[in-house]
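All remarks here apply to the structure that follows.
Residue numbers (this note's numbering): 7 to 504.
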């Protein structure tokens with residue numbers, strides 16, 4: 007019987023804190039494949055590891071998906087007010103609410119001889135592990151409790167003895183399955199451990215819960231990280247023991263750090279939350295991570311989410327891990343920033359600007375901020391960069407004679423150059439203080455063979471920096487009075503200290 011009449015793909019994170027950038031990419035690939043196949047994208051919450059739960063994590067997951075415009079069709083969705091609700095016909099979609107289902111299916115496995123109760127203490131398991139390591143064997147459970155009689159098991163259960171339930175992995179079998187990325191995979195059953203299915207606290211492990219939930223929720227494609235490949239043989243056995251149809255498996259490659267090891271907390275800021283705080287745009291992050299391990303088989307570099315929905319094909323997924331290149335992300339983010347209107351860019355930058363202004367006790371107006379973001383838009387790589395080099399717009403720099411000098415210019419020539427600019431700017435009307443007019447008028451009086459002799463001292467005088475926007479742009483932002491004031495201050499400083 008075909009369990010998959012429609013493509014249904016889930017993203018099933020654990021609510022243990024922030025969403026890792028690798029988790030977001032898995033969610034994106036799952037979503038894109040679902041949309042490509044005109045299917046449904048589900049959000050299921052895997053909270054069986056109760057010790058690691060972090061309050062508010064589910065809301066943070068939903069907030070992150072909403073930020074990148076990934077729409078959840080079914081499962082856990084954001085409530086209209088605060089919190090979340092469950093939507094769909096295959097719930098509950100939070101695993102801790104499904105414990106009876108797991109117990110029921112575990113009992114079915116026990117009845118068929120595919121699972122058994124294990125009463126081994128931690129001490130015995132530790133001793134077994136040490137013995138195996140001493141023999142240079144892979145640590146595996148030795149099926150000790152499988153030999154217990156049904157009467158002995160019942161007696162110990164009735165006495166309330168602490169126990170787990172293990173998968174009874176057969177020996178002498180070849181476990182085979184096909185992965186859409188890695189192809190056909192064969193594993194000898196002797197290398198597969200008798201995995202714990204139900205823990206001592208009554209909660210299922212990932213391995214049981216994921217198989218039961220994926221089947222009952224009619225999940226057609228299991229999209230997850232390559233870290234789960236070694237565990238897949240256990241899942242294949244469970245599907246076989248339940249006589250259930252296998253979904254398609256799509257294991258995506260790891261994201262690697264600069265050291266070519268899996269990207270982790272030690273590799274730097276890897277939470278999506280951190281990327282948000284630093285001012286990476288959602289469309290840039292989505293575009294970047296989509297191409298991090300997937301080849302669209304085209305020269306196109308910039309993809310909207312809608313374009314990705316049409317273009318995505320798991321055949322383009324790489325087998326090898328992809329290195330997270332922060333410089334490329336910055337480059338891509340800068341591209342998307344440049345696509346914003348000045349009004350949109352100001353709105354995006356406003357939180358950073360307001361924090362900066364408050365911290366430095368600066369009073370200003372929107373007219374000036376609009377000009378600043380227009381000038382700086384092409385210079386920033388992420389939104390938080392907007393406040394990195396804007397001090398000079400609000401505070402006149404202290405003139406530095408050495409920095410003001412252009413090439414082999416003397417101080418006398420420097421003063422002449424600054425006075426030349428000052429005279430011209432003083433004669434310009436306030437309404438002529440725009441970038442185009444300033445550029446046209448200043449270039450008229452500059453030496454065509456050495457424009458730097460006029461423009462360098464002017465730019466340094468108004469900005470106090472070697473690297474800054476053009477003097478025309480800075481003068482436009484500052485306005486006539488402030489620009490003239492800074493030029494006069496520079497000239498006076500040279501005359502006093504020269």
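Note that the Cβ used here is the ideal one computed from N, Cα and C, for glycine as well.
CB-CB length for residue i against residue j, believed under 8 Å
i: residue 79; j: residue 47; result: 5 Å
i: residue 58; j: residue 22; result: 5 Å
i: residue 326; j: residue 302; result: At roughly 17 Å, the Cβ-Cβ gap does not stay under 8 Å, so residue 326 and residue 302 are not in contact.
i: residue 152; j: residue 122; result: 5 Å
i: residue 393; j: residue 359; result: 7 Å
i: residue 311; j: residue 355; result: That pair is no contact at about 23 Å.
i: residue 52; j: residue 90; result: No, residue 52 and residue 90 are not in contact; Cβ-Cβ is about 15 Å, not under 8 Å.
i: residue 240; j: residue 173; result: 6 Å
i: residue 210; j: residue 54; result: 6 Å
i: residue 10; j: residue 36; result: Between residue 36 and residue 10 the Cβ distance is about 15 Å, and since that is not below 8 Å, they are no contact.
i: residue 206; j: residue 169; result: 7 Å
i: residue 70; j: residue 25; result: 5 Å
i: residue 407; j: residue 503; result: 6 Å
i: residue 72; j: residue 84; result: 7 Å
i: residue 222; j: residue 175; result: About 23 Å; that fails the 8 Å criterion.
Contact check, residue i vs residue j, beta carbons under 8 Å
i: residue 469; j: residue 480; result: yes
i: residue 1; j: residue 339; result: Lying before the first or after the last residue shown, residue 1 is absent from the chain, which here runs from 7 to 504.
i: residue 444; j: residue 482; result: yes
i: residue 281; j: residue 293; result: no
i: residue 320; j: residue 187; result: yes
i: residue 28; j: residue 231; result: yes
i: residue 475; j: residue 381; result: yes
i: residue 148; j: residue 163; result: no
i: residue 270; j: residue 278; result: no
i: residue 42; j: residue 315; result: yes
i: residue 287; j: residue 342; result: yes
i: residue 330; j: residue 263; result: yes
i: residue 496; j: residue 434; result: no
i: residue 199; j: residue 146; result: yes
i: residue 49; j: residue 81; result: yes
i: residue 15; j: residue 225; result: yes
i: residue 213; j: residue 254; result: no
i: residue 333; j: residue 383; result: no
i: residue 484; j: residue 467; result: no
i: residue 258; j: residue 352; result: no
i: residue 499; j: residue 405; result: yes
i: residue 486; j: residue 447; result: no
i: residue 387; j: residue 336; result: yes
i: residue 195; j: residue 178; result: yes
i: residue 105; j: residue 208; result: yes
i: residue 111; j: residue 218; result: yes
i: residue 171; j: residue 203; result: yes
i: residue 99; j: residue 88; result: no
i: residue 261; j: residue 165; result: no
Below-8 Å beta-carbon distance, residue i vs any chain B residue
i: residue 373; result: Reference to chain B is not applicable here, since this structure consists of a single protein chain.
Coarse secondary structure for residue i, derived from DSSP in three states
i: residue 218; result: helix
i: residue 230; result: strand
i: residue 488; result: helix
i: residue 121; result: strand
i: residue 266; result: coil
i: residue 458; result: helix
i: residue 253; result: coil
i: residue 15; result: strand
i: residue 405; result: coil
i: residue 34; result: helix
i: residue 482; result: helix
i: residue 277; result: strand
i: residue 323; result: strand
i: residue 261; result: strand
i: residue 204; result: strand
i: residue 477; result: helix
i: residue 288; result: helix
i: residue 307; result: coil
i: residue 236; result: helix
i: residue 210; result: strand
Problem - Completely contained alpha helix (DSSP H) runs for the region 325-394, where each covers 4 or more residues - result: 332-344, 348-365 and 372-382
Problem - Contact the region 417-436 vs the region 381-398: 3+ CB pairs below 8 Å - result: no
Problem - 3 or more residues per run - each beta strand (DSSP E) lying fully within the region 36-112 - result: 46-49, 80-84 and 90-93
Problem - Touch test, the region 420-429 against the region 444-464, Cβ-Cβ under 8 Å, three pairs minimum - result: yes
Practice task
Could I get the ranges of all uninterrupted alpha helix (DSSP H) runs contained in the region 124-202, with 4 residues as the minimum, in chain order?
Solution key: 128-140 and 156-164
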